[in-house]
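These protein sequence lines map, in sequence, to chains W and Z.
Quick note on our numbering: the first sequence kicks off at 1 and runs consecutively.
Quick note on our numbering: the second sequence kicks off at 1001 and runs consecutively.
Note that the Cβ used here is the ideal one computed from N, Cα and C, for glycine as well.
Treat the numbers as computed from the prediction; the structure is a model and nothing was measured.
For reference, the structure is listed below as structure tokens.
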Amino acid sequence: MPETIDLTILETLDFDDDGFMTDANDWTPAIGKAIAAALELELTERHWDVINFSRAEFAEHGDAPSLRKITKVGGVPTKELYVLFPGGPAKLAAQIAGLPKPTGCI
Amino acid sequence: MKTLLILGAGTGGTMVANKMSQMLDMQEWKIIMVDRDETHYYQPGFLFIPFGIYGPNDVVKPKRSFFPSNVDFIYSDIEMIEPEKNRVKLTKNNQVINYDQLVIATGSHIHPEETEGMLDGGGWQKNIFDFYSLDGTTKLSRFLKFWKGGRLVLNVAEMPIKCPVAPLEFLFLADWWFTERGMRDKVEIVYATPLDGAFTKPRASSVLGDILTQKGINIETNFNIGSVDAGKNKIKSYDEREIDYDLLVTIPTNMGSDVIERSGMGDELNFVPTDKHTLQTQKHENVWVIGDAGNVPASKAGSVAHFMLDVVIENILRAIEGLEPLPEFDGHANCYIESGFEKGILIDFNYDVEPLPGKFPLPGFGPFSLLQESHANHWGKMAFRWIYWNILLKGGEMPFESQMTMAGKWS
Ligand SMILES: Cc1cc2nc3c(=O)[nH]c(=O)nc-3n(C[C@H](O)[C@H](O)[C@H](O)COP(=O)(O)OP(=O)(O)OC[C@H]3O[C@@H](n4cnc5c(N)ncnc54)[C@H](O)[C@@H]3O)c2cc1C
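This is the structure we're talking about:
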């Protein structure tokens, strides 16, 4: 039975027009779970590997990591990333990790 | 004698050599430049070759004709950079060069083998081509001469790519060219991009997206290519969308030079981590980056390398005097977008300001319309080749400033 997740915690936070948190410092793992639930994703340990990697990258470089970086440096194959985060892994992982939308490209 | 070593003699490296040979005291300094290729390619011209506007001979010149006489040029592969030891190893004669200041200008290069089935699936240069290399674009031009029509798919494999407007220009020119040949109704044109719109910047993306629609070009957004099935003529995205093609024109993954990877100096795409305002490498105080080789979040373009030039020069000269570098590079990019039918669009932007409509006040040349199609912008693009060979590479004064100006822009 999936655990019930309290979505009301999202109501106290600021999100931009694309649904990304405006202040990455406000994030907690509980918020991550709630955002994922709102996106209808249930987080496994593998998801958390990606989320934690993304947070660490952001802390170091000030940017959410690109898909290639999650694959090459984070060590999660692209195909698996698409299974974990269907549609757009780099964007979804950043969104759940409370980070700004990855810029990635100019 | 002290040594300024420049790695790569393309657009950026050549400009630095020309400018530095005037700025440094050549009694005290020696400038050495290394490249594996003796030919200089005018890469912006590659775009025009498939459509017969330029031929291969219009885009090549010997590198040497652009070097000042007081610079040593070594024709060799660069084997390894050892920034901790202030030295670089070359392949030729196992030569080792010690340097005081180092400029990395090794550019960005295409890697079709990064996409499964692209290079090894049997379709490469049969009905799959790139136009980012002279070889690719020349073969594509031959293919197009005899093509009867069908579905042309243009795919960008992954961002960032150099000259991020080139894919759009290719589409616009293809629309024009097939129209001229009276076969536009036999060609369906599809643009499959990993971006969520026509371009990376919102205002320009919507204007350029409208132009695609007007020209009857279909766009498939958020398409991250996972593999090519050359047997079935399909490309597949990671989220399992499929697009059929008769002719696939690819902009393969762009990566920094192999030597950056060997030397352990790059990020996941072999681009060198670089301070986006000073152009100093993040790890080494006497190592600088110009052009496509760095990871700064600016467009990878010749015009951008030109805007970087003054900042790199000034900061190297400051470093020699023991001063801190100045954070002067603002990400300025200025691109003519060829839109077909002898028209073009001009966009001008930097790190903070996205492309805006208006007029670009180019003293003596302009004004050129910004973010709007005009004939003058097309001629601006065609004049760029002359400016490139005769002014830009020599590090000469261009009729515009390194930092962006807001004059003439409607914000
Ligand atoms: C199709 C196309 C269209 C374009 N259109 C435009 C445009 O309209 N406007 C514009 O401003 N820009 C345009 N560009 C981009 C522009 O050409 C590049 O941004 C510019 O040339 C970058 O200069 P650079 O000095 O960084 O690299 P390059 O000019 O590519 O030079 C890199 C040099 O390093 C050498 N090198 C690399 N590795 C090694 C090694 N290990 N050993 C020895 N030598 C090495 C290479 O041989 C090369 O000579 C276009 C590019 C393409 C492909």
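(request) Return yes when at least one heavy atom of ligand 1 lies under 8 Å from the C-beta of Z:His1040, else no. (result) yes
(message) Could you check whether the region 1324-1333 of chain Z touches the region 1177-1190 of chain Z, counting it as contact only if at least three pairs of C-beta atoms, one from each stretch, sit closer than 8 Å?
(response) no
(request) Could you check how far apart the C-beta atoms of Z:Ser1263 and Z:Met1080 are, in whole angstroms? I think they sit under 8 Å. (result) 5 Å
(request) Decide if W:Met1 is buried, meaning its Cβ has at least 16 other Cβ atoms within 10 Å, or exposed. (result) Since pLDDT at W:Met1 reaches only 46, below the 50 mark, its modelled position is unreliable, and the value read off the structure follows with that caveat. When all chains shown are included, W:Met1 counts as exposed.
(request) Evaluate contact between the region 1157-1174 of chain Z and the region 1030-1042 of chain Z, counting only Cβ atoms and requiring at least three cross-stretch pairs below 8 Å. (result) no
(request) Would you mind telling me which residues of chain W sit closer than 7 Å to Z:Asn1270, beta carbon to beta carbon, in chain order? (result) By Cβ distance, chain W contributes nothing, its closest Cβ being about 11 Å from Z:Asn1270, past 7 Å.
(request) Check whether the Cβ atoms of Z:Phe1349 and Z:Lys1162 sit closer than 9 Å, and answer yes or no. (result) no
(message) Helix, strand or coil, according to DSSP, for W:Ile5 in the structure here?
(response) coil
(request) Would you decide whether W:Pro77 is buried or exposed? Buried here means 16 or more other CB atoms lie within 10 Å of its CB. (result) exposed
(message) For the beta strand (DSSP E) containing Z:Thr1250, name the first residue and the last one.
(response) Leu1247 to Ile1251
(request) Compare the C-beta of Z:Glu1158 with all C-beta atoms of chain W and state if any pair is closer than 9 Å. (result) yes
(request) Counting only runs of 4+ residues fully inside the region 1117-1147 of chain Z, write out the alpha helix (DSSP H) ranges in chain order. (result) 1134-1146
(message) Which same chain residues end up closer than 6 Å to Z:Thr1014 when comparing Cβ atoms and leaving out the 5 residues on each side of it in sequence?
(response) Phe1066 and Leu1393
(message) Following a CB-centred definition, is Z:Lys1162 positioned closer than 8 Å to any heavy atom of ligand 3?
(response) By its list of ligands, the structure shown excludes ligand 3, since it contains just ligand 1.
(request) Can you have a look at Z:Glu1242 and say buried or exposed, based on whether 16 or more other CB atoms are within 10 angstroms of its CB? (result) exposed
(message) Considering only heavy atoms of ligand 1, does any lie closer than 8 Å to the CB of Z:Ile1313?
(response) no
(message) Let me check you understand the geometry: is the CB of Z:Leu1024 closer than 8 Å to at least one non-hydrogen atom of ligand 1?
(response) no
(message) Cβ closer than 7 Å: which chain Z residues qualify as neighbours of W:Gly19?
(response) Within 7 Å Cβ-Cβ: nothing; W:Gly19 doesn't reach chain Z, min ~14 Å.
(request) Under the assumption that Z:Pro1068 contacts Z:Ala1017 (Cβ atoms under 8 Å), give the Cβ distance between them as a whole number of angstroms. (result) 7 Å
(request) Check the Cβ-Cβ distances between W:Met1 and every residue of chain Z, and say whether any is below 9 Å. (result) Annotation note: pLDDT 46 at W:Met1 (below 50); position unreliable, coordinate value reported separately. W:Met1 does not count as touching chain Z.
(message) Applying the 10 Å Cβ sphere with the 16-neighbour rule, what's the burial state of Z:Trp1124?
(response) buried
(request) Would you grab the beta carbon distance between Z:Gly1150 and Z:Leu1247 for me? Rounded to a whole angstrom, and I think it's under 8 Å. (result) 7 Å
(request) Give a yes or no on whether 9 Å exceeds the smallest Cβ distance from Z:Gly1226 to chain B. (result) Chain labels in this structure do not include chain B; the protein chains are W and Z.
(message) Rounded to the nearest angstrom, what separates W:Cys105 and Z:Pro1297 at their Cα positions?
(response) A caution first: W:Cys105 carries a pLDDT of 49, below 50, which makes its placement in the model unreliable, though a value can still be read off. The straight-line gap from Cα to Cα measures roughly 7 Å.
(message) Is W:Leu67 close to chain Z? Criterion is C-beta to C-beta, closer than 9 Å.
(response) yes
(message) For W:Phe15, would you say it is in contact with chain Z, using Cβ-to-Cβ distances shorter than 9 Å as the test?
(response) no
(request) Answer yes or no: does any C-beta atom of chain Z fall closer than 9 Å to that of W:Thr22? (result) no
(request) Say yes only if the C-beta of Z:Lys1234 is nearer than 8 Å to one or more non-hydrogen atoms of ligand 1, and no if none qualify. (result) no
(message) Give me the residue from Z:Gln1043, Z:Met1020, Z:Lys1343 and Z:Asp1239 with the minimum Cα distance to Z:Asn1420.
(response) Beyond the ends of chain Z as shown, which are 1001 and 1411, falls residue 1420 of chain Z; an answer cannot be given.
(request) Examine ligand 1 and report whether any of its heavy atoms sits within less than 8 Å of the Cβ of Z:Arg1036. (result) yes
(message) Can you tell me whether Z:Asp1292 sits near ligand 1, meaning its C-beta is under 8 Å from at least one heavy atom of the ligand?
(response) yes
(request) Starting from Z:Asp1348, find everything on chain W with Cβ-Cβ shorter than 7 Å and list it in chain order. (result) Correct list: empty, because the minimum Cβ distance to chain W is about 14 Å.
(message) Counting only Cβ pairs nearer than 9 Å, list the residues of chain W close to Z:Tyr1238.
(response) Leu67, Thr78, Lys79, Leu81, Tyr82 and Pro89
(request) Determine the DSSP secondary structure at Z:Arg1203, reduced to helix, strand or coil. (result) helix
(request) Could you tell me whether any non-hydrogen atom of ligand 1 is closer than 8 Å to the CB of Z:Asp1258? (result) yes
(message) So, at 8 Å on beta carbons, what are the nonlocal neighbours of W:Ala34 in its own chain, with the 5 sequence-adjacent residues on each side left out?
(response) Ile5, Asp6, Leu7, Ile9 and Leu10
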